[in-house]
Amino acid sequence: MQKYSVTLKGHRTSISLEPLFWEALNHFAKIQKKAVSTLISDIEEELLKSHSSANLSSFIRIYILQELLKHHPLNIK
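Using this note's numbering, the letters of the sequence shown map in sequence onto residues 1 to 77.
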């Protein structure tokens, strides 16, 4: 687990993620032609809209899993 510093809406904050999740987040930001901080802000907005009790780091992991499943659905029976 590592801490990554980002600026969201003009405020510095840190996010704790495993390096693999940070790499995936960078990958999805690149695909969407966004800065990582912009993608994190978008994810944070979804978190606030959802009224979830999850923290931002957890919600980022959920976002990454959802994005991966869009492209590689599981065939669970």
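Glycine included, C-beta positions come from ideal geometry on N, C-alpha and C.
Using CA coordinates, which residue listed in Arg12, Ile64, Lys70 is at the minimum distance from Phe28?
Locating residue 28 in the sequence shown gives position 28, counting from the first residue. Checked all of Arg12, Ile64, Lys70; the closest Cα to Phe28 is Ile64.
Which partner residues does Ile15 have in the DSSP bridge list?
For the purposes of this step, residue 15 is taken as residue 15 along the sequence shown, with counting starting at 1. Paired residue(s): Tyr4.
Endpoints, alpha helix (DSSP H) assigned at Ser58:
Locating residue 58 in the sequence shown gives position 58, where the first residue counts as 1. Unbroken alpha helix (DSSP H) run through Ser58: 56-71.
Taking all protein chains shown into account, do 16 or more other C-beta atoms lie within 10 angstroms of the C-beta of Ala54, making it buried, or fewer, making it exposed?
What you label residue 54 is simply residue 54 of the sequence shown in a count that begins at 1. When all chains shown are included, Ala54 counts as exposed.
Could you check the C-alpha separation between Val6 and Leu20 for me, to the nearest Å?
The residue given as residue 6 occupies position 6 in the sequence shown. The residue given as residue 20 occupies position 20 in the sequence shown. Whole-angstrom Cα-Cα distance: 17 Å.
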